[in-house]
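Encoded as structure tokens, the structure appears first; notes follow it.
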């Protein structure tokens, strides 16, 4: 089950594995507002309205319970909160779900039964789940389904967010999450914090810092006046980008460290040119399956560009801390000395020899952990450990409401040959590249008297952009899309919504209410 | 599947043609819920590709990009794959083509009978014509096939330039085939087994078929039950008549006992070996016999579906069989409850489209499944993993007609006919320099001389007989007393093959015959494996040099080169086509039939002078 | 410790003999895998063209044939699974003849000059003489339009070849089918063995079979998504990146100076292993190791071609 994921285009090599499964008879269901190229491979495509995923998931859960297909043994042994979950999903009948999501009830039922009856079932998701104002609730809704059916902790069964960036997992693992220390320790974990304080000879606050969305709010309040931005392009990648740019521009000091002169760098007081570490320096990244892998230097960085760690160390030196110039391996070994559960056993020689290791890997004789949560299947309560909680969640529509003034739902999508704000993929010639356009359903366009290719004005509650229209049969009536890849053509994030999820800090890129206006007055028909 | 198609759209005629062909199997296209029609279901339709291509080609005469896109969408097959399949078959065109095309047989018998004159006349009249390998009408040479957009195809034989130009339609043309004795001179004689009903029964009437003993064999089979039917077939010693002579009972038993389900039956009616027309005659003149025999085979081996894969160049036989299948359905001889006996059996008729290789059993499987007709690697054999990966029985047409006889007289009785391990009777396709060409039935063990006498004797002075077809070999006048059995022919280094007896007299241009055979294999190689794909080209080139008296190096180096080519084709090709592609040439060399004298004045000609 | 460890299926061992020497290999191995795993140096050097470690056996080139006791014809070692008691011979006159002829037939019809060192070595060691079929015929521009079942009848004065104009119709790769041996590997990589895009197919029949898009449309008009997995498996240089083509044409291609560095793709979170092929401080090609469990040697357009951003430098001048 691929939910809110167009893996065919955004994770092509992962999808190769899916396709081999299909070749051997596996069935695929796709839950996505668009009939994506992924959905076109699916045995069932649940084309729901944007922002109704929780209603759909709850209805699937309710149907599984109603049909007696839940995994009682697993629920009783390894979970808590089932009664509350059942109570919460009870009102989400197939009929009500059809009304909310627009997915035919029969199809919801088909998926519910297929998922529950499957010997093994995998549930993967991407930004279609996580770029919502209540994104964490979306994830809970999916986890609940896995707990309900026991599709977790066994080979071929499980839950997996497909990471959008090559090291988004590793960044989090290294502590680039406000409430976490490297190695996944909570800041509030006093023992862990003490070990880090001792190693670093510095005090660490037990209070979480700010995540990106909070930082922008702090800028707005005037509390955050200096920003050091490494390998991030918020001037283009933030929702409601016009507002973001204004805030970045009004900082006392903005330092940008990047391999490109990005739109954010254009606003910076200081730009520190960085090496492209994936091919110009050494280190590790961690992929979606928690596999730590080595990156290596193939070519020299250009001009004055330095590896990120060298820049940081030089900066520390200027600030009075002589960290020297540790090699990538030395930095890694420091991490290993502190990340006892996850990374301790992953020496560079082992990573080299094994082509990567999946955490947790607590010791050098540990083979790594391809499969998580297997403990939930242990019969011995001691080995099983803490139960997994159901987290009942309710459907809440997107913040950006559809109204007569803004009647069309705009969502953001990604293309096979491009990547995020396009700064890297803009560097090569793709024969598939096409001009950025507002992709929409032809019948919607006909109602507005818009021709294929015509330039229109697209307006949301936050801003407006101009773009040509392209008809796209993968979009249902009422739905339109932009990519974030080509801001030089269409500055998509000027109109997206920066309402963000308090649990994850992610903005609601996926659900914007828009109006489409012709640029020239309509020619009288006839 | 995430198809990426061009913007080309089908015409209404193309759309209707595809939709009609496909909807017979799938029901009408669902516009209201197009997206539910997806996944494994959508991708499971590829086996309709060949029928869909036929439908378009029949309707408009070629496969346009718009039509191809429509097929791709309806069947969930990528456009390139559709194109790859369409371009595999000689009868399809992926470029615009005249709505009326005449395929003129220029194979050995027809070219001797004057096909070139027909081609010349058609060219002069600006008629779109194409040369064709053997059309399987050798007893009526010369032959042509009319392929017409929007009308049924039809054959003309014997054809003349005037008759071809004056040809009106299929129903008129079919009347030429009304006299069965032209094809089966023995028709109506007593003692025939396979040809028993040929020329006697009305091929369009199920009642007449029943009046001539039809469906008594199936009734007998049902009395015996599946396993005893297989026992009878095993006891009969029946071997496959397609050329490989594998014991039919063993093949049936293998599929009947295979645990995997479903089982499939295929009747290989892709009779394309040059000089072969026996299956055509049986199917045209006794079509219900094949339907009954397939039903028995399906019953015995546990198949609920049988495919009848017939050569695309056989329009009359196709019409007769289609009508017979429909009649059998209407009367409950096919369908969910055959004869009220509680077993189901259906037959799907599939037309080939001009590819000799599809007579190779695994190429045939790919062709039915909607892939290019490229042979598969064996093992696994079809009885283990055949059509759609399931256990599959594949029998030749003549083999199946034998089953009717076995059930009439019992396996042991059948085994008494013939000679040694070659049990039963055999059909031979006698053509060329012979007084009365046609299909003849004789018991195994009759000599070649007896067969030629039965056919009225050789016209002119006998030079050689091409026995077994293009994949066979030559027999000299001194070898005419060879008994026509599997063993007898093997002893003289020949093969019965598909029963071709192509008589060449001293007027025949044997080097030209060899070049035609070499050209045939070069055309019909599927192109998959190197030994056959390139070897057939090099063989034809070397023969061209030899027959125009311009060897590279010496005569001996050319023979050595041909021998080197023959060995790699025989040893390392994937399938029987490659294994046998050098057979006739090597046979001619061994028997001294290729000898030509260098003649610089005939540089570039297609034939050489036969050394006395 | 309760951490589960993934194990492969436990397989029975099969006993076969290779040129008279008994060896034991796991059930399910092909003869070729047995030769690789348990053969001596010569046996392990069985020539292959259409075989690749990351594709299902194509079984088309027939250069890997061996003699198998009890089999009338030679069998392809790449596709034939081992069975207990099999007696395999790899160095008989029959085997050597077929291997020589396969290489010779290809060399006489295809430009093998970029086919890699192994192929050159095998051609020498098997005594290939492609000249004996006559001088190669001229470039034919019509190969894409030939109709199945019809060919121009040769006079034998030249040896027909697949020579034809090179196809350059997009910014990323060229298709030089004069070098194509019809191994089908690109079709498999584009299709059911990796990418499932099916932009290319074998079209036509017999010697006129060629790798084609529908109606021979240019790649940008086809279903191609430029993953380049066809390039990754091409054994003869028929498919290559535009960059490699240009460097070769200008005489700057320098494989001797090439270094290969393994790293991880910087796009998306799948973690594909990349091998960066660097000549003179420039990345010239990107491949992936076929034995890597994430990629099996296959990449997407971003992984294979998306590296250019690190070398789009401002003009130094």
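Chains as they are written, first to last, in my numbering: chain C, 44 to 569; chain V, 146 to 757; chain A, 379 to 695.
From the three backbone atoms N, C-alpha and C, an ideal C-beta is built for every residue, glycine too.
Note that the coordinates shown come from a computational prediction; the quantities given were computed from them, not determined experimentally.
For this session: Decide if residue 364(C) is buried, meaning its Cβ has at least 16 other Cβ atoms within 10 Å, or exposed.
Result: As a first step, residue 364(C) is located in the first chain; it is residue number 321 there, counting from the start. Result: exposed.
Exercise. Just checking, does the stretch 596-611 of chain A make contact with the stretch 524-542 of chain A on the three C-beta pairs under 8 Å criterion?
Worked result: no
For this session: Output the distance between the C-alpha atoms of residue 513(C) and residue 449(C), rounded to the nearest integer angstrom.
Result: As a working note, residue 513(C) is residue 470 in the first chain. As a working note, residue 449(C) is residue 406 in the first chain. So the two alpha carbons sit approximately 20 Å from each other.
For this session: Starting from residue 185(V), find everything on chain C with Cβ-Cβ shorter than 8 Å and list it in chain order.
Result: Looking up residue 185(V) in the second chain gives position 40. 65, 68, 70, 86, listed in chain order.
Exercise. Taking the C-alpha atoms as reference points, what is the distance between residue 666(A) and residue 650(A)?
Worked result: Position 288 of the third chain holds residue 666(A). Position 272 of the third chain holds residue 650(A). Taking the straight line joining both Cα atoms gives about 8 Å.
Exercise. In terms of DSSP beta bridges, what is residue 201(C) paired with?
Worked result: By 1-based counting over the first chain, the position of residue 201(C) is 158. Answer by DSSP bridge pairing, in chain order: 165(C).
Problem set entry | Boundaries (first-last residue) of the beta strand (DSSP E) holding residue 493(V) | Here residue 493(V) refers to the residue found at position 348 when the second chain is read from its first residue. Element bounds for residue 493(V): 491-496.
Problem set entry | 9 Å Cβ cutoff, residue 678(A) in contact with chain C | Translated into the one-based positions of the third chain, residue 678(A) becomes position 300. Yes, its Cβ sits closer than 9 Å to a Cβ of chain C.
Exercise. So, is residue 396(V) buried or exposed, given that buried needs 16 or more other C-beta atoms within 10 angstroms?
Worked result: By 1-based counting over the second chain, the position of residue 396(V) is 251. Result: buried.
Problem set entry | the stretch 479-490 of chain C / the stretch 499-514 of chain C touching (three or more Cβ pairs under 8 Å) | yes
For this session: Identify whether residue 334(C) lies in helix, strand or coil by the three-state DSSP scheme.
Result: For the purposes of this step, residue 334(C) is taken as residue 291 along the first chain, with counting starting at 1. Strand, per DSSP.
For this session: Spell out the partners DSSP gives residue 588(A) in its beta bridges.
Result: Locating residue 588(A) in the third chain gives position 210, where the first residue counts as 1. For residue 588(A), which the question treats as bridged, DSSP gives the partners 581(A).
For this session: Step through the CB atoms of chain C and report whether any lies within less than 9 Å of the CB of residue 531(A).
Result: Here residue 531(A) refers to the residue found at position 153 of the third chain. No, residue 531(A) does not count as interfacial toward chain C.
Exercise. Can you find a C-beta in chain C that's less than 9 Å from the C-beta of residue 642(A)?
Worked result: By 1-based counting over the third chain, the position of residue 642(A) is 264. It does; some Cβ of chain C falls within 9 Å.
Exercise. Is the stretch 94-111 of chain C close to the stretch 134-151 of chain C, with three or more CB pairs under 8 Å?
Worked result: yes
Problem set entry | Member of 431(V), 646(V), 525(V), 658(V) whose CA lies at the smallest distance from the CA of residue 344(V) | Within the second chain, numbered from 1, the residue matching residue 344(V) stands at position 199. Nearest C-alpha to residue 344(V): 431(V).
Exercise. Taking the alpha-carbon positions, what's the residue 177(V) to residue 456(V) distance?
Worked result: Within the second chain, numbered from 1, the residue matching residue 177(V) stands at position 32. Within the second chain, numbered from 1, the residue matching residue 456(V) stands at position 311. The predicted position of residue 177(V) is uncertain, since its pLDDT is 47 and thus under 50; no value can be drawn from it.
Exercise. Mind checking if residue 511(A) is an interface residue toward chain V, Cβ cutoff 9 Å exclusive?
Worked result: Counted from its first residue, the third chain places residue 511(A) at position 133. By this cut-off, residue 511(A) is an interface position.
Problem set entry | Cβ neighbour criterion (16 or more within 10 Å) applied to residue 547(C) | Along the first chain, read from residue 1 onward, the residue named residue 547(C) stands at position 504. Flag for residue 547(C) reads buried.
Exercise. Going by DSSP, what residues sit across from residue 291(V) in a beta bridge?
Worked result: Within the second chain, the letter at position 146 stands for residue 291(V). Answer is 247(V), 299(V), bridged to residue 291(V).
Exercise. Do residue 383(V) and residue 538(V) have their C-beta atoms within less than 9 Å of each other?
Worked result: Residue mapping note: residue 383(V) aligns to position 238 of the second chain, counting from 1. Residue mapping note: residue 538(V) aligns to position 393 of the second chain, counting from 1. No. Outside cutoff.
Problem set entry | Min CB distance residue 413(A) to chain V below 9 Å | Position 35 of the third chain, counted from the start, is the residue given in the question as residue 413(A). Output row for residue 413(A): interface = no.
Exercise. Mapping DSSP to helix, strand and coil, what is residue 453(A)?
Worked result: As a first step, residue 453(A) is located in the third chain; it is residue number 75 there, counting from the start. If DSSP states are grouped into helix, strand and coil, residue 453(A) belongs with the strands.
Exercise. Is the CB of residue 462(A) under 9 Å away from at least one CB in chain B?
Worked result: Of the protein chains in the structure, C, V and A, none is chain B.
Exercise. Where DSSP assigns a beta bridge to residue 392(A), which residues make up the other side?
Worked result: For this step, residue 392(A) is matched to residue 14 along the third chain. 403(A).
Exercise. In whole angstroms, what separates the C-alpha of residue 579(A) from that of residue 472(A)?
Worked result: Here residue 579(A) corresponds to residue number 201 of the third chain, with the count starting at 1. Here residue 472(A) corresponds to residue number 94 of the third chain, with the count starting at 1. Each residue's Cα considered, the two are about 33 Å apart.
For this session: Below 8 Å on the Cβ atoms is my guess for residue 580(V) versus residue 601(V); work out the distance and round it to an integer in Å.
Result: As a position in the second chain, residue 580(V) is number 435, starting the count at 1. As a position in the second chain, residue 601(V) is number 456, starting the count at 1. The pair is a contact, with the Cβ atoms about 3 Å apart (cut-off 8 Å).
Exercise. Is there at least one Cβ from chain C nearer than 9 Å to residue 591(A)'s Cβ?
Worked result: Counting from 1 along the third chain, the entry for residue 591(A) is found at position 213. Not one chain C Cβ lies under 9 Å of residue 591(A).
Problem set entry | Where residue 271(V) meets chain C, residues with beta-carbon distance less than 7 Å | In the second chain, counting from the first residue as 1, residue 271(V) sits at position 126. Result: empty, since nearest Cβ-Cβ is about 43 Å, beyond 7 Å.
Exercise. How would you call residue 490(C), buried or exposed, if buried means at least 16 neighbouring beta carbons within 10 angstroms?
Worked result: Counting from 1 along the first chain, the entry for residue 490(C) is found at position 447. Burial call: exposed.
Exercise. Leaving out five residues before and five after residue 400(V) in sequence, what residues of the same chain have Cβ atoms less than 6 Å from its Cβ?
Worked result: Taking the second chain and counting its residues from 1, one reaches residue 400(V) at position 255. Here the set comprises 408, 446, 528, 536, 538.
Problem set entry | Three CB pairs or more closer than 8 Å across the stretch 283-298 of chain V and the stretch 235-251 of chain V | yes
Problem set entry | Range covered by the beta strand (DSSP E) that runs through residue 600(A) | Sequence index remark: in the third chain, residue 600(A) carries index 222 (1-based). Where residue 600(A) is concerned, there is no enclosing beta strand (DSSP E), given that its DSSP letter is neither H nor E.
Problem set entry | Interfacial residues, the stretch 700-714 of chain V to chain A, with Cβ spacing under 8 Å | 702, 706, 709, 710, 712, 713
Exercise. With 9 Å set as the bound, which would you pick, yes or no: does the beta-carbon of residue 178(V) sit closer than that to a beta-carbon of chain C?
Worked result: Here residue 178(V) refers to the residue found at position 33 of the second chain. Low confidence applies to residue 178(V): its pLDDT is 48, below 50, so where it sits in the model is not reliable enough to give any reading.
Exercise. Do we get a CB-CB distance below 9 Å when we pair residue 462(C) with the residues of chain A?
Worked result: Locating residue 462(C) in the first chain gives position 419, counting from the first residue. Chain A contact via Cβ: present.
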